[in-house]
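Per our numbering, residue 1 is the first one in the sequence shown, and the count goes up by one each step.
Each residue gets a CB set at the ideal place from its N, CA and C atoms; glycine is no exception.
Below is one structure; the comments refer to it alone.
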Amino acid sequence: MFTGIIQSVGQIDDVTLAGDDIKLKINAHTLGLDDVAIGDSIAVNGVCLTATTIESPHFFAHVSKATLDVTCGLSKPQPVNLEKALRLSDRLGGHLVSGHVDGIGKVTQFAPVGDCWLLAVQAPHAISKYIAHKGSICVNGVSLTVNKVVQDTFSVNLIPHTIENTTLQHLQINDAVNLEVDQIARYVERMTEWSTQQTEST
1 MFTGIIQSVG QIDDVTLAGD DIKLKINAHT LGLDDVAIGD SIAVNGVCLT ATTIESPHFF
61 AHVSKATLDV TCGLSKPQPV NLEKALRLSD RLGGHLVSGH VDGIGKVTQF APVGDCWLLA
121 VQAPHAISKY IAHKGSICVN GVSLTVNKVV QDTFSVNLIP HTIENTTLQH LQINDAVNLE
181 VDQIARYVER MTEWSTQQTE ST
């Protein structure tokens, strides 16, 4: 589990083909790997990956074709958002994030508004029902609050700290982004479905 609070902007330094999969060499920069062991989880652009080798300041991760098919931002050298797995004693500064991407969104607007930035993203229709006004959304691993939802497009406000300390500062129109919806919305849907099924069976 993660919180969506980015701890460091790292860099994918090398991508190696491994059949249909890939192996990543990631420079963790200021993340700090002293407390990371082989087998630990690290969120990379919102995708939960397992550290297979650690050679500080680098760690290595194996990404399967199944993961590559449903995520973006891992297949070439570029800056990436990094977060270590949540410990039970940590502060929950963002919201509970699993690191399992629900869909790939498309940036439709990215523009300055005063000292902040407005980011609008078109989400896949299948997950739009989970995105709510003032609810939480994870974009490339960053926990954000939804300000507005119009059909399949939602918008968020990025404060200067978020711009300065994440890769979101590099976004451009039509860029693809990893999206993970708030888990609470999924549980509410499941409980509603279950309740309806029970009613219909009686």
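By DSSP's assignment, E55 forms a beta bridge with H58. Three or more Cβ pairs closer than 8 Å define a contact, and the segment 54–69 meets that threshold against the segment 18–34. Going by beta carbons, I42 and L49 fall inside the 7 Å limit. V149 is positioned such that its CB atom lies closer than 7 Å to that of I131. Using a 10 angstroms sphere on the CB of K84, the tally of other CB atoms reaches 16 or more, which defines it as buried. Contact annotation: the segment 150–167 does not touch the segment 193–201, with fewer than three C-beta pairs closer than 8 Å. I38 carries a coil assignment under DSSP once its states are collapsed to helix, strand and coil.
Assignment of beta-bridge partners to E83 by DSSP yields A43. Per the C-alpha coordinates, the member of L179, S8, S155 positioned closest to N81 is S8. Under a 10 Å Cβ-count criterion, S136 is classified as buried, with 16 or more other Cβ atoms of the shown protein chains found around its own Cβ.
Secondary structure of S136 (DSSP, three-state): strand.
Per DSSP, the continuous alpha helix (DSSP H) segment holding K65 begins and ends at 65–69. In the structure shown, the three-state DSSP call for L144 is strand.
Inclusion of N178 and N140 in the CB contact set at 7 Å is warranted, their separation being smaller than that value. In summary, V181 is buried, with 16 or more beta-carbon neighbours lying within 10 Å of its beta-carbon over all protein chains present.
Between the alpha carbons of D102 and M1 lies a gap of roughly 15 Å. In this structure, DSSP gives N165 a helical state, which the three-state scheme calls helix.
With contacts defined by Cβ atoms closer than 7 Å, G93 and I5 form a contacting pair. The C-beta of G19 has fewer than 16 other C-beta atoms within 10 Å across all chains shown, which makes the residue exposed.
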